[in-house]
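Right, one structure below, let's go through it.
2 protein chains.
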Amino acid sequence: MGSAGQRGRPRSGEADVRLLDAALALLLDRGYDRFSVDEVAAKAGVAKTTLYRRWPTKDHLIVAVVARLQDSVPVEYSGDVRSDLTRYLGEIAAGLDRMRRAGRPATSGETSAGLVAEVAAAAARHADVGAAVQAMFHRRNALVLALLGQARERGELHADVEPEVVFDQLAGALYYRLLITGRPLDAAYIDRLVGSALRGASA
Amino acid sequence: MGSAGQRGRPRSGEADVRLLDAALALLLDRGYDRFSVDEVAAKAGVAKTTLYRRWPTKDHLIVAVVARLQDSVPVEYSGDVRSDLTRYLGEIAAGLDRMRRAGRPATSGETSAGLVAEVAAAAARHADVGAAVQAMFHRRNALVLALLGQARERGELHADVEPEVVFDQLAGALYYRLLITGRPLDAAYIDRLVGSALRGASA
DNA sequence: CGCTTTACGCAACAGGAGTAGCGAAAATCT
DNA sequence: AGATTTTCGCTACTCCTGTTGCGTAAAGCG
């Protein structure tokens, strides 16, 4: 009766959720580095080989967990580009802070950005993970790109503005600041950033 | 006769260079993933413990190698902000491409950005590496920040331009594009990026 | 019902990161 | 010279990632 089923024994859907749940839980209180694949399998009550059949690498597993966290990010339009951008970048920054706290167990509020950097590294290491990460960011950012395009057609932005480039500037500045310079990503900075991108530097 | 020497047997300076040289060589033709600390020590003809006394982690070693590559990047002023920025960002992009080729051995011209992502991840994993990476980027970018400040004082840029924010936008866009979206970092993109940052998005 | 295919659990393994313990070497201090 | 301190080389070890092989379970196919 199987509609278009494959041949052999089907994958245990329960194993999938138990593994992802266990992985998320361990990630949250161990942090990335003390996160062990063996332990995930043990905590999920599943053989390690079963885990590796689904995610061939620790990197793949981590990205899958993060991707599940990233789903469902609502964006609302208010009509004013500046306030829309400010709010959206604020949400990104808050999400980064959530991941920051996930990346480092508890005490070391220091360096920041653990998970974001690990995801970027995983994307660089495996082509398929890279594609998944690209898709994840693409989904997440599509609405903002559309927002920029609409504002341009409304005449609120220059006619020759390229939404993609403007968005690279904004998001890039956030990640650069988070990963490289390590300076704070607070509301004041986001205001300055949006202001700078909208106004332009030239006199 | 030792002027202000420490107490015991001094570190072998020769070991330092032989290790760094071996590490660089292996990094260049193995790529980051197939890069093994054991192998570095073997190729340098040095005990593994001697290596770990200098760099307590593979991450530390990698960053030390990359930092040595990054030294001595000359920047020239022409007086015109646009062309100066374009040239400097072009140099960054070229450097990234060098690291890209270093990160991946040869055939897989695909995903890109290996080393950059690894360095960012290493910075996030260890506080001391993070400080070193920050310092490395700070040194590297100081001249450009000064350039922006001078252009502002010349009146070529808005009086309330914040060089730090503008630079975040420019550099951040490059790294974001390299690490996340994976789209090409060619001269045409750099022109569009500089143009967008200088002009501003608002109509 | 038997055959085939795929997933599962288990156990053993290869390889790399990082650590620990030991004797010997190279420096300084008294 | 002798004592002290630190490095060096070596070996052995632990922990983790990822793989392999095998017997068994769960599905579809004839």
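So the protein sequences, as listed, match chains W and U.
In this text, residue positions in the first sequence follow UniProt numbering: the first is 1, and each later residue adds one.
In this text, residue positions in the second sequence follow UniProt numbering: the first is 1, and each later residue adds one.
Every residue, glycine too, gets a C-beta built ideally from N, C-alpha and C.
Residues of chain W with a CB under 9 Å from the CB of residue i: which are they?
{"i": "U/Leu-193", "result": "Val-165, Asp-168 and Gln-169"}
What does residue i reach in chain U if we use C-beta pairs closer than 8 Å?
{"i": "W/Asp-33", "result": "Arg-125"}
{"i": "W/Gln-134", "result": "Ile-180, Thr-181 and Gly-182"}
{"i": "W/Glu-153", "result": "Those within 8 Å of W/Glu-153 in chain U number zero; the least Cβ separation is about 11 Å."}
{"i": "W/Ala-44", "result": "Within 8 Å Cβ-Cβ: nothing; W/Ala-44 doesn't reach chain U, min ~25 Å."}
Starting from the beta carbon of residue i, find every residue of chain W whose beta carbon is closer than 8 Å, and list them in chain order.
{"i": "U/Tyr-176", "result": "Asp-168, Ala-171, Gly-172, Tyr-175 and Tyr-176"}
{"i": "U/Glu-39", "result": "Ordered by position in chain W, no residue passes the 8 Å Cβ test against U/Glu-39, which lies about 19 Å from the chain."}
Are residue i and residue j closer than 8 Å when you measure CB to CB?
{"i": "W/Val-81", "j": "W/Leu-157", "result": "yes"}
{"i": "U/Tyr-88", "j": "U/Val-133", "result": "no"}
{"i": "U/Leu-170", "j": "U/Leu-96", "result": "no"}
{"i": "W/Val-66", "j": "W/Leu-115", "result": "yes"}
{"i": "W/Ala-124", "j": "U/Leu-179", "result": "yes"}
{"i": "W/Pro-163", "j": "W/Leu-185", "result": "no"}
{"i": "U/Ala-201", "j": "W/Ala-197", "result": "yes"}
{"i": "U/Lys-48", "j": "U/Val-37", "result": "yes"}
{"i": "W/Val-129", "j": "W/Asp-16", "result": "no"}
{"i": "U/Ala-187", "j": "U/Gly-79", "result": "no"}
Which chain U residues are close to residue i, counting only those with a beta carbon under 9 Å from its beta carbon?
{"i": "W/Leu-198", "result": "Gly-200, Ala-201 and Ser-202"}
{"i": "W/Ala-146", "result": "Near W/Ala-146 there are no residues of chain U at all, since even the closest Cβ is about 15 Å away, more than 9 Å."}
{"i": "W/Ala-142", "result": "Simply none; closest approach about 12 Å."}
Can you name the residues of chain U whose CB is closer than 7 Å to the CB of residue i?
{"i": "W/Ala-113", "result": "Ala-124"}
{"i": "residue 209 of chain W", "result": "There is no way to answer for residue 209 of chain W, as the model of chain W reaches only from 1 to 203."}
{"i": "W/Ala-25", "result": "Under the 7 Å cutoff, chain U gives no residues; its nearest Cβ is about 21 Å from W/Ala-25."}
{"i": "W/Ala-64", "result": "Those do not exist, as W/Ala-64 stays about 17 Å from chain U at its closest Cβ, beyond 7 Å."}
Please classify residue i as buried or exposed, where buried requires at least 16 other C-beta atoms within 10 Å of its C-beta.
{"i": "U/Tyr-77", "result": "exposed"}
{"i": "W/Glu-118", "result": "buried"}
{"i": "W/Thr-181", "result": "buried"}
{"i": "W/Asp-168", "result": "buried"}
{"i": "U/Ser-83", "result": "exposed"}
{"i": "W/Ala-122", "result": "buried"}
Whose C-beta lies closer than 8 Å to the C-beta of residue i among residues of the same chain, with five residues either side of it excluded?
{"i": "U/Ala-159", "result": "Arg-152"}
{"i": "U/Ile-92", "result": "Ala-171 and Leu-174"}
{"i": "U/Val-161", "result": "Leu-148 and Arg-152"}
{"i": "W/Val-194", "result": "Arg-82, Leu-85, Thr-86, Leu-89 and Leu-170"}
{"i": "W/Tyr-189", "result": "Arg-177 and Arg-183"}
Residues in the same chain with beta-carbon distance under 7 Å from residue i, minus the five sequence neighbours each way, listed in chain order, please.
{"i": "U/Val-26", "result": "Checking the sequence, you will find Leu at residue 26 of chain U rather than Val. If we look at U/Leu-26 and ignore the five residues flanking it on each side, its Cβ neighbours are Phe-35, Glu-39, Val-40 and Lys-43."}
{"i": "U/Gln-70", "result": "Met-136 and Arg-140"}
{"i": "U/Asp-191", "result": "Thr-86"}
{"i": "W/Arg-68", "result": "Leu-20"}
Tell me which same chain residues have a C-beta within less than 6 Å of the C-beta of residue i, skipping the five on either side of it?
{"i": "W/Ala-22", "result": "Val-40, Lys-43 and Ala-44"}
{"i": "U/Tyr-52", "result": "none"}
Taking only beta carbons into account, state which residues of the stretch 160-171 of chain U come closer than 7 Å to chain W, listed in chain order. Val-161, Glu-162, Val-165, Val-166, Asp-168, Gln-169 and Ala-171
Check distances from the C-beta atoms of the stretch 84-97 of chain U to those of chain W and list, in chain order, the residues that come in under 9 Å. none
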